[in-house]
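In the working numbering, the protein residues as written are -18 to 58.
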Amino acid sequence: HDATVLARHERLFAINAAVEADLTGQVNAEAVGRRVVGGIGGQADFARAAARSPGGASVIALPGDRIVARLNGPVTT
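Structural data, given as structure tokens:
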């Protein structure tokens, strides 16, 4: 998951899921309240690498009703 190595790939797109995202762009991909529903895995590494990749982009996928004013769980990315 070395972001420097991954970013060498042109047009790298990282598509990651999230439990919720807030209005500042912070993403929780780990917990619903106190219940852990997933681990972060390589989300931060791949998101960072895709943002640096020529022509690449990082995409966080989630339903629109999960965009909140303030996160209820931890900040993953």
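Yeah, the Cβ is synthetic: ideal placement off N, Cα and C, and Gly gets one too.
Residues near residue i in its chain [Cβ-Cβ closer than 8 Å; skip 5 each side]
i: E1; result: V8, N9, L43, R47, I48, V49, L52, N53, G54
i: V18; result: V0, E11, A12
Local conformation of residue i per DSSP, three classes
i: D46; result: helix
i: D26; result: helix
i: R33; result: helix
i: N18; result: Note on identity: in this sequence residue 18 is Val, with Asn being the wrong assignment. Correct three-state label for V18: coil.
i: V0; result: coil
Cα-Cα separation, residue i to residue j
i: T5; j: I21; result: 19 Å
i: P35; j: L(-13); result: 11 Å
Cβ shell of residue i (< 6 Å), same chain only, five flanking positions each side left out
i: A(-16); result: D26, R29, A30
Cβ pair residue i, residue j closer than 7 Å
i: G23; j: L(-7); result: no
i: S39; j: A(-5); result: yes
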